[in-house]
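For reference, the structure discussed in these notes is given below.
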Amino acid sequence: AAKGEGKGRCQLFHQQMDIDYHYRQRLKADLREAVAAGALSLVFQPLLDISSHRVVSCEALARWTHPELGPIPPATFIPLAEEMGIISEITAFVVRSAVAECSQWAGEIGVAVNVSGRDFRGLDLPGLVDEALAESGLSAPRLELEVTETAVIEETALAQSVLESLSARGISIALDDFGTGYSSLSYLSALPFNKLKIDRSFVQDIAEDERALSLLANVARLGRDLELTVVAEGVETEDQLHAMLKHTGIQQVQGYFFSRPLPARDIAELISHLNSQTSPLLPAKRKHG
Ligand code: C2E
Ligand code: MG
Ligand code: MG
Ligand code: MG
87 AAKGEGKGRC QLFHQQMDID YHYRQRLKAD LREAVAAGAL SLVFQPLLDI SSHRVVSCEA
147 LARWTHPELG PIPPATFIPL AEEMGIISEI TAFVVRSAVA ECSQWAGEIG VAVNVSGRDF
207 RGLDLPGLVD EALAESGLSA PRLELEVTET AVIEETALAQ SVLESLSARG ISIALDDFGT
267 GYSSLSYLSA LPFNKLKIDR SFVQDIAEDE RALSLLANVA RLGRDLELTV VAEGVETEDQ
327 LHAMLKHTGI QQVQGYFFSR PLPARDIAEL ISHLNSQTSP LLPAKRKHG
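As C-alpha cells, this is what we get:
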C-alpha cells in the first residue's frame, strides 16, 4: 500500500507541476496582452507624517485584473514581467500615470513609484521621468522612486549612475523593504538615498514584543544617523502606531491602519479625510476645538 501511495503522490506532484507550468504560461501570455492593451491599473496608498498626522505622499501600486481569473497580485505578475522582459513597459506606464495623477492632487503631496532592478538596464529612467514631469508640470521633488536592496545589488554600478542622475534632478530616492534583502550596509551611504522604508516584518510584532520594538527602533536609528527620512511600512493597528511614536524615531508611516491602497478617483477624498483628522495620539497638537 505504501508503495502505491508513494506512486500516487508522485503522480499528483507531477500533475501539480503541469498545472503550475500551464498556469504560468497562460498568465504570461495574458499579461503580455494586458500590458500591450494598457489594461493594468493603479491604486494609491498614503504615507503620513507621524507627528503632524498629515498625508505627505502616496505610493502607486500596479493592479492587474485578469478577465477570467480575477485579481492577480503584483507579487505574482511583477516577477513574471521581469522574466519576460516587459517590466520596463509596466514601469513606464506607472511613472506616466502616477505623475499625471499626482499633478491633480492638492498641496505638495508627492507620489512614489516602484522601480525594478531590470529598469536600470532596460529603460532610460531619467528620460522617462523628464518626459512625464514636463508633460504634467509636476515638480521633480514631488516624485519619489522606490528601489529594493536586491535591485541595487544586482546592478550596482548602473544603479549608482542612474540613481545619481535622478537625484541630481531633485527626484527623491527611497530604499524599499529595508531589512529583507541583501543587507550589506556599505551601499547605504554610497548611493543617493533620501528615504529608508523599513519592511513591515519589522513592524508586525512591536505591540507585543519588546525585542521586536527595540530592533525596529535600532533600524530606525541607523536610518536617522544616515540622515534619511525613515518610514515604517505595514502599520495595521493603533497599538503598533503608538509603540512606534513613543519608542522610535520613525518619521513617516504607511499601512492598512490608515488606508488600504485605493483607486485614483478616491484619493482626493481620502487625503482630505485623513488630513482633517487629528491623531488621537497627539492631543496637544490640535489648533482649535
Ligand atoms: P511594496 O513596494 O513594498 O508595496 C507595499 C505593499 O504592502 C503593497 O502590496 C501594499 O498593498 C502592502 N501593504 C500596505 N500596507 C499594508 C499593511 O498594513 N499590511 C500588509 N500586510 N500589507 C500592506 P502590493 O500592492 O500587493 O504590492 C506588493 C509588491 O509588489 C510591492 O511591495 C512592490 O514590490 C511590487 N509592486 C507593486 N506595484 C509595482 C509596480 O508598479 N512596479 C514594480 N516594479 N513593483 C510593484
Ligand atoms: Mg514600494
Ligand atoms: Mg515597500
Ligand atoms: Mg514591502
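Using our numbering, you'd call the opening residue of the sequence shown number 87 and step up by one each time.
Glycine residues also receive a C-beta, built at the ideal position from the N, C-alpha and C atoms.
This one's a predicted model, so the numbers in the text were calculated from it and none came from an experiment.
1) Please determine if the segment 245-254 and the segment 206-220 are in contact, where contact requires at least 3 C-beta pairs separated by less than 8 Å.
2) Within 10 angstroms of the Cβ of L312, are there 16 or more other Cβ atoms? Answer buried if so, exposed if not.
3) Between L252 and R112, what straight-line distance do the alpha-carbon atoms span, to the nearest angstrom?
4) For M103, count neighbouring Cβ atoms within 10 angstroms of its own Cβ and tell me buried if that reaches 16, exposed if not.
5) Please determine whether the Cβ atom of E79 lies at a distance below 7 Å from any heavy atom of ligand 2.
6) So if I measure from each beta-carbon to every heavy atom of ligand 2 and keep distances below 5 Å, which residues remain?
7) Run through the segment 302-361 for me and flag every whole alpha helix (DSSP H) of 4 or more residues, listed as ranges in chain order.
8) For P159, which of G267, N361, P347 has the nearest alpha-carbon?
9) Pick helix, strand or coil for P157, following the three-state DSSP scheme.
10) On the DSSP bridge list, what partners appear for A148?
11) Less than 8 Å between the CB atoms is what I'm expecting for S143 and E230, so what's the real figure, rounded?
12) Would you grab the beta carbon distance between F206 and E169 for me? Rounded to a whole angstrom, and I think it's under 8 Å.
13) If I follow the unbroken alpha helix (DSSP H) through E187, where does it start and stop?
14) Alpha carbons only, please: which of C96, V317, M330 is nearest the one belonging to P132?
15) Could you tell me if the beta carbon of I164 falls within a distance shorter than 7 Å of some heavy atom in ligand 1?
16) Less than 7 Å between the CB of V238 and some heavy atom of ligand 1, yes or no?
17) By alpha-carbon positions, which one of P165, G171, E355, R140 ends up nearest to A122?
18) What does D262 pair with, by DSSP beta-bridge criteria?
19) Rounded to the nearest angstrom, what separates L147 and L314 at their Cα positions?
20) Go through its chain and collect everything with a Cβ distance to A87's Cβ below 8 Å, but skip five positions before and after it.
21) Cutting at 6 Å between CB atoms, please list the residues of its own chain near T162, excluding the five before and the five after it.
22) Consult DSSP for G213 and reduce its assignment to one of helix, strand or coil.
23) Classify G208 as helix, strand or coil using the three-state DSSP reduction.
24) Taking Cβ positions, are G265 and D285 nearer each other than 8 Å?
25) Tell me the DSSP secondary structure of L229 in three-state form.
26) Let me check understanding here. Comparing Cα to Cα, which of T334, V199, Q326, G223 lies closest to A260?
27) According to the neighbour-count rule (16 or more other Cβ atoms, all chains shown, within 10 Å of its Cβ), is C96 buried or exposed?
28) Return the first residue and the last residue of the alpha helix (DSSP H) that L274 is part of.
29) Within 10 angstroms of its Cβ, does A329 collect 16 or more other Cβ (buried), or is it exposed?
30) According to DSSP, is A293 part of a helix, a strand, or is it coil?
Let me lay it out:
1) yes
2) Here the question's residue 312 lines up with position 226 in the sequence shown. Classification for L312: exposed.
3) What you label residue 252 is simply residue 166 of the sequence shown in a count that begins at 1. What you label residue 112 is simply residue 26 of the sequence shown in a count that begins at 1. Between L252 and R112, the C-alpha separation is close to 36 Å.
4) As a working mapping, residue 103 is identified with position 17 in the sequence shown. Its Cβ having fewer than 16 others within 10 Å, M103 is exposed.
5) There is simply no residue 79 to check, as the chain begins at 87 and stops at 375 in what is shown.
6) N200, E232, D262
7) 324-333
8) Here residue 159 refers to the residue found at position 73 of the sequence shown. The shortest Cα separation from P159 among G267, N361, P347 belongs to P347.
9) Here residue 157 refers to the residue found at position 71 of the sequence shown. Correct three-state label for P157: strand.
10) Residue mapping note: residue 148 aligns to position 62 of the sequence shown, counting from 1. The partner list for A148 (beta bridge, DSSP) reads L128.
11) Along the sequence shown, one-based indexing puts residue 143 at 57. Along the sequence shown, one-based indexing puts residue 230 at 144. Confirmed, about 6 Å.
12) Position 120 of the sequence shown, counting from 1, holds the residue named residue 206. Position 83 of the sequence shown, counting from 1, holds the residue named residue 169. 17 Å between Cβ atoms; not a contact.
13) Taking the first residue of the sequence shown as position 1, residue 187 is located at position 101. Run containing E187: 173-188, per the alpha helix (DSSP H) assignment.
14) In the sequence shown, the residue the question calls residue 132 occupies position 46. It is V317 whose Cα lies nearest to the Cα of P132.
15) Translated into positions along the sequence shown, residue 164 becomes position 78. The answer is yes for I164.
16) What you label residue 238 is simply residue 152 of the sequence shown in a count that begins at 1. No, the Cβ of V238 stays beyond 7 Å of every heavy atom of ligand 1.
17) For the purposes of this step, residue 122 is taken as the residue at position 36 of the sequence shown. Comparing Cα positions, the closest option is G171.
18) As a first step, residue 262 is located in the sequence shown; it is residue number 176 there, counting from the start. T234.
19) For the purposes of this step, residue 147 is taken as the residue at position 61 of the sequence shown. For the purposes of this step, residue 314 is taken as the residue at position 228 of the sequence shown. So the two alpha carbons sit approximately 23 Å from each other.
20) Taking the first residue of the sequence shown as position 1, residue 87 is located at position 1. Because A87 carries a pLDDT of 45, less than 50, the predicted location of this residue cannot be relied on, and no value is offered for it.
21) Here residue 162 refers to the residue found at position 76 when the sequence shown is read from its first residue. Excluding residues within five positions, none has a Cβ falling inside 6 Å.
22) Start at 1 with the first residue of the sequence shown, and residue 213 comes out as number 127. The answer is helix: DSSP assigns G213 an H, G or I state.
23) For the purposes of this step, residue 208 is taken as the residue at position 122 of the sequence shown. Here G208 sits in helix by DSSP.
24) Your numbering for residue 265 matches position 179 in the sequence shown. Your numbering for residue 285 matches position 199 in the sequence shown. A contact, by the Cβ cut-off of 8 Å.
25) Residue mapping note: residue 229 aligns to position 143 of the sequence shown, counting from 1. Three-state DSSP puts L229 in a strand.
26) For the purposes of this step, residue 260 is taken as the residue at position 174 of the sequence shown. Answer by Cα proximity: V199.
27) Numbered from its first residue, the sequence shown carries residue 96 at position 10. It is exposed - the Cβ of C96 has fewer than 16 other Cβ atoms within 10 Å.
28) The sequence position of residue 274 within the sequence shown is 188, counting from 1. Looking at the DSSP string, the run of the alpha helix (DSSP H) that includes L274 is 272-276.
29) Locating residue 329 in the sequence shown gives position 243, counting from the first residue. Result: buried.
30) Locating residue 293 in the sequence shown gives position 207, counting from the first residue. Note: A293 maps to coil in three-state DSSP.
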